[in-house]
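Quick notes on the structure that follows.
In the numbering used here, the protein residues as written are 1196 to 1381.
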């Protein structure tokens, strides 16, 4: 008998897996709807927006990094990045010290689009946000999903979590700078 079989029963494992599957599907459905409504006016799909967002926050990411962090196949990341390049929102490059990997960076138009989209975030409804507000009111913060983060770390590895944390740190910093700049101009 394997060690894992001693730690839990088949029933317990199946119930856990099904619970995670059902909750994840329900959560994703709401996230997907919110995301699509937000980006619809900008003629983007979710993969394109995610690539722009990753490129904005990771500044010079490789296609492999975009694929890994975007949880998509490398060919998907490349093909959607190519469409974004054709629209003038993204540019491809090679590095002198790394000719094997292709890197993507936002153009000025791509960066401006991300900023414009962020400014218009509240123009659409966000059920995930609305569904989380009672918890924020009760606990003074949004849910943090520490258990889920631990599971994701075990599935995708420490590199994924490092990129995740780095991108959100960059997001917080750029958000603060943008809003400081906007308040100075007023």
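A virtual CB, placed ideally from N, CA and C, is assigned to each residue, including glycine.
Check, Outcome
"Under three-state DSSP, which class holds residue 1273?", "helix"
"Judging by CA-CA distance, which residue of 1354, 1242 and 1305 is the nearest neighbour of residue 1267?", "1242"
"What runs of the alpha helix (DSSP H), each 4 residues or longer, lie entirely inside the stretch 1221-1306?", "1241-1253, 1258-1265 and 1269-1281"
"State the Cα-Cα distance for the pair residue 1233 and residue 1312, rounded to the nearest angstrom.", "8 Å"
"Using the C-alpha atoms, what's the distance from residue 1286 back to residue 1245?", "15 Å"
"Pop quiz: residue 1253 and residue 1358 are said to be a contact at Cβ under 8 Å. What is the actual Cβ separation, rounded to whole angstroms?", "7 Å"
"Assign residue 1337 to one of three DSSP states: helix, strand, or coil.", "coil"
"Report yes or no: do three or more beta-carbon pairs, one from the stretch 1262-1276 and one from the stretch 1288-1296, lie closer than 8 Å?", "no"
"Rounded to whole angstroms, what's the CA-CA distance from residue 1231 to residue 1223? Just pull it up for me.", "12 Å"
"Taking its Cβ as the centre, do 16 or more other Cβ atoms sit within 10 Å of residue 1251, making it buried, or is it exposed?", "buried"
"Quick one: grab the DSSP three-state call for residue 1315.", "coil"
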